[in-house]
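This report concerns only the one structure given below.
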Amino acid sequence: MLVGIKAAQIGAMIDAGASYVPPPESVTSAKAEAITWQASQRAVGTVLAVRGVTLGAELSGIVREIGFENGARVKKGQVLVQLDTASEAAQLVGAEADAELARLTRARVQSLATQGSKPQADLEAAQARAVQAEATVTHLRTLIAKKVIRAPFDGRIGIRQVELGQVVSPGSPIASLQSMDPVHVEFLLPQQALADVKEGQKVRVQVDVFPKDTWEGALTTINPEVELSSRNVRMRATVSNTDGRLLPGMFASIDVLSEDARQVVAIPTTAVLFAPYGDSVFVLEEGKDAAGKPNLVAQQRFTRLGERRGDFIAVTSGLKPGETVVSNGVFKLRNGAAVAVNNALAPQAETAPQPVAP
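So this is what it looks like as structure tokens:
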């Protein structure tokens, strides 16, 4: 009796397993849409100043005046640092007096030489002394000018590295000066991109510090050589920076925009099941369950993928516009699995997603 009961129970369990139908998996869906994308080349680069220098002293001296504040904007020709020129100024007074005497002597000797009262040798000596005196004056004026450090161009100056009364030597850094508008963005693209980019193309720049803002500019320089180590080409774009928020040294993302636009079939990236043997999506099709009732079935389909843009990815083959795919939950599906679509909490896919602060 016990054997018979157990055999009946096992048989019932086998029959139940054979007739068991797993419940449908809950997923979200999205339609494959034919949209227009402007072709672009994306890269990462660095913001550079069009003109940037570290100002330094050309001559040694004591700092007497500082004419700027840390981080201030300065104009071309503005006096930034004044070194002590008392010694040179005193020597200049004496040199100017010698130069004036030499000029008077030259004029007098020239007049007498014209009358024949002075030999030509005396005239030549007087002219040489006048030239030497003028050269001494010019030399002293140049020394004084070199001890006045001026801004070579308009820009924003950094933190000063000198203080009043400090003795500076030739080459001592004073402060960094960077022009702020426009700025360059330097980046690398693979050599294959040379067929699609040219000087003058529009570019769009973003930085992670200001994720909601973009800056427009143009591609201005393409390096005439390919780097041997990476087979990349160095390029430079010029971008307007009127608000001054792009600082030299910033990390930036840059899109080189093409003039051509193309139609692509795009789906959310979350709809793709990436695998070493091939990437695939699950397409929703109408089917019937074991009881003959209509339901939705997920059919796996292998695809070829193209460019990514934001939350979307282009499908170059394997999918037609208008077909519905599983957008979330593909990892738990198998070919022919029954699904239940619930888009109530489905995240919104965007071509230019922006992070939301918690």
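Residue 177 in UniProt numbering sits at position 177 of the sequence shown, with consecutive numbering throughout.
C-beta: ideal position from N, C-alpha, C; glycine also.
Straight through space, the alpha carbons of L177 and K212 are spaced by roughly 28 Å. For T138, the enclosing alpha helix (DSSP H) stretches over residues Q120 to K146. Residue range A86 to Q115 is occupied by the alpha helix (DSSP H) that includes D98. For G77, there is no enclosing beta strand (DSSP E), as DSSP marks it with neither H nor E. A straight line joining the alpha-carbon of E96 with that of V137 spans about 6 Å. The Cβ-Cβ distance between A175 and Q161 falls below 8 Å. The C-alpha of V185 is placed about 16 Å away from the C-alpha of N232.
Q38 sits away from A237, with the two beta carbons spaced by 8 Å or more.
Judged by their CB atoms, S327 and A30 are nearer to each other than the 8 Å cut-off. Classified as exposed, V93 has fewer than 16 neighbouring CB atoms from the shown chains inside 10 Å of its CB.
Here G4 carries a helix assignment [DSSP, helix/strand/coil]. In this structure, V63 lies near E163, with their beta-carbon atoms less than 8 Å apart. Restricting attention to L305, K202, E307 and E285, the CA atom closest to the CA of S258 is found in K202.
Distance from the CA atom of Q110 to the CA atom of V79, rounded to whole angstroms, is 43 Å. Straight-line spacing of the CA atoms in G310 and S253 works out to 13 Å. Distances from the alpha-carbon of A195 to those of S169, S179, L123 and I222 put I222 closest.
Judged by beta-carbon spacing, S179 lies within the 8 Å limit of A49, meaning their Cβ atoms are closer than that value. Closest in alpha carbon position to P248, among V297, V207 and G287, is V207. T269 carries a helical assignment under DSSP once its states are collapsed to helix, strand and coil. Contact between the stretch 149-159 and the stretch 67-76 is present: 3 or more CB-CB pairs across the two stretches fall below 8 Å.
Sequence-distant Cβ neighbours of E88 in its own chain, meaning closer than 8 Å and more than five residues away, are L140, L143, I144 and K147. About 7 Å separates the beta carbon of T269 from that of F312, a gap short enough to meet the 8 Å contact definition. In the structure shown, M180 adopts coil according to DSSP, grouped into three states.
Note that the C-beta distance between R204 and D255 is below 8 Å. Note on geometry: alpha-carbon atoms of S317 and T36 lie some 16 Å from one another. Taking 8 Å as the upper bound for CB-CB distance, F302 and G278 are in contact here, some 5 Å apart.
With respect to the 8 Å criterion, A121 and A99 are not classified as neighbours on the basis of their beta carbons.
Inter-residue distance for S230 and L189 is about 10 Å (C-alpha atoms, whole angstroms). CA-to-CA, the gap between A102 and G61 works out to about 31 Å.
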